[in-house]
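All residue numbers for the sequence shown refer to the UniProt record's numbering, where the first residue is 1 and numbers rise by one. Single-structure report; data block below.
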Amino acid sequence: MSGPRSEHEPDLDDTVLRPAGAPDRGVGAPPDTDDTVLRARGAAADVDDTVLVRSTAPAPVVPAARPPAVAPPPAAPAAAYRLRIADEVVPVDGVVLIGRRPSPPRVPGPVPPRLVTVPSPTSEVSSTHVVIRPSGTTLVVTDLRSTNGTRLSTPGAPPRMMRPGESVVVTPGTVLDLGDGAAVEVLGRERLG
1 MSGPRSEHEP
11 DLDDTVLRPA
21 GAPDRGVGAP
31 PDTDDTVLRA
41 RGAAADVDDT
51 VLVRSTAPAP
61 VVPAARPPAV
71 APPPAAPAAA
81 YRLRIADEVV
91 PVDGVVLIGR
101 RPSPPRVPGP
111 VPPRLVTVPS
121 PTSEVSSTHV
131 VIRPSGTTLV
141 VTDLRSTNGT
151 RLSTPGAPPR
161 MMRPGESVVV
171 TPGTVLDLGD
181 GAAVEVLGRE
191 RLG
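Below is the structure:
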């Protein structure tokens, strides 16, 4: 295109992209093979004047991808604590909810809890009274803000009432009195599987 540009003509100047760190060659310098020239396209632009030149810059080195992590094989079945509730022995292989009419949490976890019902003729035991869960190699009992509380009898210590919401690490021989004659005894560990 020759002659002065009018205000209504699109800007048809060239845009030159150079690799980072490349020197600016200035106006009128011969083109470098590392340059990529992009020209604006307009009504007056010639579609045959775009030249793409292969860059001689080396391709970036991409580190090899790590192989995907492989999950370790499942561990051998661990030893689980057990609970004696009346004449029944219950393994603690996950979360155990105990009460007069226990219900699972509103937001379920990855593994559903074991629900254990204890008799309570006078409704002294709360609907979901306590939760017992393994934590590493220990066993943790939490009073779920039960109405009448939980009496904790640990071997070698005087019995005491758990505070509402309190969590306690328990050992074999511990007895939890939920009220109304419902008692939970913590037994030792037994190998699963």
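Note that beta-carbon positions come from the ideal geometry of N, C-alpha and C, so glycine has one too.
8 angstroms contact criterion, which residue i and residue j should meet: CB distance rounded
i, j, result
"I85", "V184", "5 angstroms"
"P164", "S153", "That belief does not hold up - the Cβ atoms of P164 and S153 are roughly 18 angstroms apart, past 8 angstroms."
"G156", "P172", "The Cβ separation is near 12 angstroms, so there is no contact."
Beta-carbon contacts of residue i that lie in its chain and below 8 angstroms, excluding the five residues immediately before and after
i, result
"P104", "L97, P112, P113 and L115"
Residue(s) in a DSSP beta bridge with residue i
i, result
"R84", "V89 and E185"
"P134", "L139"
"M161", "R151"
"S103", "Answer is none; S103 lacks a bridge partner."
"E190", "A80"
Simplified DSSP state of residue i, which is helix, strand or coil
i, result
"V96", "strand"
"G179", "strand"
"L115", "strand"
"E166", "coil"
Beta carbon of residue i nearer than 9 angstroms to that of residue j
i, j, result
"L176", "R160", "no"
"G149", "M162", "yes"
"V169", "I132", "no"
"T122", "L144", "no"
Cut-off 7 angstroms between Cβ atoms - residues of its own chain near residue i, not counting five sequence neighbours on either side
i, result
"P119", "A182"
"A76", "Because A76 sits at a pLDDT of 46, beneath the cut-off of 50, its placement in the model cannot be relied upon, and the following sentence gives the value as read from the coordinates. Closer than 7 angstroms at Cβ, skipping near neighbours: no residue."
"P63", "none"
Close Cβ partners of residue i (< 6 angstroms) along its chain, the five nearest in sequence each way excluded
i, result
"T138", "V169"
"T174", "T154 and V186"
"Y81", "V92, L139 and R189"
"R100", "S120, V125 and S127"
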